[in-house]
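Notes follow once the structure below has been shown.
Right, here's the structure in full:
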């Protein structure tokens with residue numbers, strides 16, 4: 021964002037008398053903010069002195085005194101700047117306080133059709149409070165308002181699908197399905213113990229989509245992948261997360277099968293629809309899936325989002341803005357799911373520009389002032405090793421699925437990979453003794469690693 025583009029905004033506001041709110045204002049470079057301070061000062065002085073016309077950025081501008089400028093900011097994050105004093109003096113500060121989670125949850129529970137809303141809201145808020153205090157501190161954990169809202173949305177969906185089931189059980193399922201995918205194994209055990217303490221009389225049952233699991237196992241066998249319970253569990257958790265979030269992060273080290281899980285789920289959902297299931301479209305995710313893969317760190321910000329030529333002032337679309345336009349056009353003709361997959365490190369510099377996309381309004385804001393509204397079929401997926409440098413604003417906007425080698429095959433995460441490789445070689449070389457190689461791996465490799 022340059023001082024020229026900010027000047028365009030201010031000219032439009034002054035002419036029309038409109039109000040504008042600039043979200044995350046302190047992400048603008050400090051050099052630009054200094055010029056913005058002068059621009060705002062000029063407009064405010066015109067309003068105070070009653071001037072109806074002023075020369076603003078070399079243009080004759082009519083000033084409507086009813087125009088107003090508001091800004092929001094999160095201080096202290098990476099990629100944020102401190103507002104200059106001369107700009108800070110032009111705005112009246114309003115500090116925001118932490119909302120009453122219990123009251124908000126109670127109202128939303130009532131609106132979703134729950135009768136015992138107050139008790140459920142208090143228990144859910146208590147669970148989140150205990151979780152934030154007792155579970156380990158991880159970069160991808162979030163127990164804020166957005167996490168609470170995703171539980172409420174999921175609980176409402178379960179209530180409509182199972183109107184006669186116990187409300188306690190529905191809430192437990194929603195809390196488990198929303199949170200367990202992101203937890204480490206040790207934290208999962210503790211979290212389930214906390215749920216048991218809060219709901220001592222409720223017997224917790226595991227529930228899974230049998231159709232999804234059946235097709236998933238068939239797909240894994242067809243693509244020479246070893247069918248392990250942990251892999252199927254993580255793929256199912258990814259599906260559950262996609263139900264309530266359109267921004268999802270697969271977090272885990274290399275060779276934890278993040279890409280394999282995404283590809284398996286993609287093929288499974290496409291096959292389910294192709295075989296004629298869900299003809300009435302009651303499950304939006306049961307549709308063909310198209311993927312758009314890119315590495316955000318292999319290109320510049322201008323190449324990713326688009327840029328304005330400094331000399332000609334012409335706009336050139338970037339990779340992401342181009343994909344966003346094609347996805348929007350596709351959504352007009354079919355219901356195919358569009359997965360935009362970012363396979364690369366997440367940092368505060370490039371990911372912050374996607375905050376408006378990851379919000380509920382799904383709006384991609386480009387540097388030229390254009391806004392692209394993404395359709396409901398679009399999903400943003402990130403495959404990352406960790407979120408060490410991501411801001412809380414980004415973490416809170418995404419659903420998390422944490423993957424570790426344990427889920428491939430207990431303590432031997434290498435074994436399914438080895439079996440698949442041996443199977444591939446066995447198909448290519450008929451004389452290769454795959455069974456003998458399995459035996460050697462079991463005897464020698466396990467002992468060597470231990």
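Residue numbers (the numbering used here): 21 to 470. We treat Cβ as the ideally placed atom computed from N, Cα and C, and that holds for glycine.
Same chain, Cβ closer than 8 Å to residue 229, five either side skipped, listed in chain order | 256 and 259
With 16 other CB atoms within 10 Å as the buried threshold, where does residue 329 fall?
-> exposed
Indicate the three-state DSSP secondary structure (helix, strand or coil) for residue 361 in the structure shown.
-> strand
Which word fits residue 121, buried or exposed, when buried means at least 16 other C-beta atoms lie within 10 angstroms of its C-beta?
-> buried
State buried or exposed for residue 33, treating a residue as buried only when at least 16 other CB atoms are found within 10 Å of its CB.
-> buried
Top-ranked residue by Cα proximity to residue 413, from 150, 95 and 351 = 95
Taking 8 Å as the cut-off, decide whether the C-beta atoms of residue 269 and residue 418 are in contact.
-> yes
Buried versus exposed call for residue 59 [16 or more other C-beta atoms within 10 Å across all chains shown] | buried
Measure from the alpha carbon of residue 219 to the alpha carbon of each residue in 79, 146 and 233, then state which is nearest.
-> 146
Residue 291 and residue 232 look like a contact to me (Cβ under 8 Å); what is the Cβ gap, rounded to whole Å?
-> Rounded, the Cβ-Cβ distance is 11 Å, inconsistent with contact.
Note the first and the last residue of the continuous beta strand (DSSP E) segment covering residue 421.
-> 419-422
Only counting runs of 4 or more residues, tell me where the alpha helix (DSSP H) segments fall wholly within the region 313-384, in order along the chain.
-> 321-325, 339-353, 368-371 and 375-378
State yes or no: is the C-beta of residue 410 within less than 8 Å of the C-beta of residue 368?
-> yes
Taking buried to mean at least 16 other C-beta atoms within 10 Å of its own C-beta, is residue 127 buried or exposed?
-> exposed
Touch check for the region 349-356 and the region 389-406: three-plus C-beta pairs under 8 Å?
-> yes
Where does the unbroken beta strand (DSSP E) through residue 41 begin, and where does it stop?
-> 39-42
Note down, in chain order, each residue of its chain lying with its Cβ closer than 8 Å to the Cβ of residue 187, except the 5 sequence neighbours on either side.
-> 134, 135, 136, 140 and 179
Residue 146 by DSSP, collapsed to three states: which one?
-> helix
DSSP beta-bridge partners for residue 267?
-> 400
With C-beta atoms as the reference, is residue 39 less than 8 Å away from residue 82?
-> no
For residue 237, which of 344, 195, 284 and 138 has the nearest alpha-carbon?
-> 284
Beta-bridge partners of residue 311, as assigned by DSSP | 359
Looking at residue 116 and residue 46, is the spacing between their C-beta atoms short of 8 Å?
-> no
Measuring CB to CB, does residue 444 end up less than 8 Å from residue 244?
-> yes
Just the C-alpha distance for residue 138 and residue 124, rounded to the nearest angstrom, thanks.
-> 10 Å
What residues in its chain sit with their C-beta under 6 Å from that of residue 195, if we drop five residues either side in the sequence?
-> 171
For the alpha helix (DSSP H) holding residue 468, just list the boundary residues, first then last.
-> 466-469
So what does DSSP say about residue 222, is it helix, strand or coil?
-> coil
If we call anything under 8 Å between Cβ atoms a contact, is residue 321 one with residue 370?
-> yes
Express the C-alpha separation of residue 114 and residue 62 in angstroms, rounding to a whole number.
-> 23 Å
Quick one: Cα of residue 222 to Cα of residue 263, how far?
-> 25 Å
Return helix, strand or coil for residue 408, following the three-state DSSP convention.
-> coil
Exposure label - residue 391; buried when at least 16 CB within 10 Å = exposed
If you draw a straight line from the C-alpha of residue 340 to the C-alpha of residue 142, how long is it?
-> 42 Å
Name the one or two DSSP bridge partners that residue 475 has.
-> Since the first and last residues shown for the chain are 21 and 470, residue 475 lies out of range.
Could you check what DSSP says for residue 303 in three-state terms: helix, strand or coil?
-> coil
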